[in-house]
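Worksheet for the structure shown next.
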Amino acid sequence: MGKRKERKWMDNELYKLELIFRNIYRKMKEQFNSRMNEYVTTNEYMVLKLMYNGKMRVTDLSKTLEVSASHITSITDSLVQKNLIERSRSSKDRRVVDLELTTEGRALIKNLNQITSNYMQEMFGVFTDDEKKELITLLHKLEKQLFNETKE
């Protein structure tokens, strides 16, 4: 590719968007993980967050997070070892295992939610309220496009 064509491609708005999204995603993930990994992995955090409102089952977590039940089992095994969740047999169906936060798990998720809130404020505090609304609108539009495309 000649220098002119290469430069034209690099000036292309889509290329700039690609780089910006890649850089933002990578850096935010790195920063978020550095705050969380002292306590739990990102996947463990997502499971704990979902369980905050009450008992759940592996199948429910698997569907919500769109990952395999075996992956959820691996995550919940780790959380049980850390005494953040506990397993119990359902009183309605003994074959079913319910998962529930322990007192320690509930306290940790409150702390992690505050860490997350502080981080998001740190990242998006540079925007005015109007800019945040505009960004949300644009990202929702992109999200809708992504999910419509993947369903086909």
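Residue numbering for the sequence shown follows UniProt numbering, starting at 1 and increasing by one per position. Think of the CB as a built atom: it goes at the ideal place given N, C-alpha and C, for glycine as much as any other residue.
- Between the alpha carbons of residue 51 and residue 123 lies a distance of about 26 angstroms.
- A straight-line Cα-Cα distance of about 9 angstroms links residue 45 and residue 37.
- Straight-line spacing of the CA atoms in residue 132 and residue 34 works out to 25 angstroms.
- The Cβ neighbour count for residue 76, taken over all protein chains shown within 10 Å, is at least 16; the residue is labelled buried.
- Annotation: the UniProt domain "HTH marR-type" (10–144) contains the following complete segments of the beta strand (DSSP E) (minimum length 3 residues), in chain order: 85–89 and 97–101.
- Leaving aside the five residues that flank residue 64 on each side, the residues in its chain whose CB is nearer than 8 angstroms to its CB run, in chain order, 50.
- Pairing residue 61 with residue 47 gives a Cβ-Cβ distance under 8 angstroms.
- Cβ neighbours of residue 113 within its own chain (closer than 6 angstroms, five residues either side excluded): none.
- Distance from the CA atom of residue 96 to the CA atom of residue 129, rounded to whole angstroms, is 46 angstroms.
- With a beta-carbon spacing of about 13 angstroms, residue 84 and residue 56 fall beyond the 8 angstroms limit used to define contacts.
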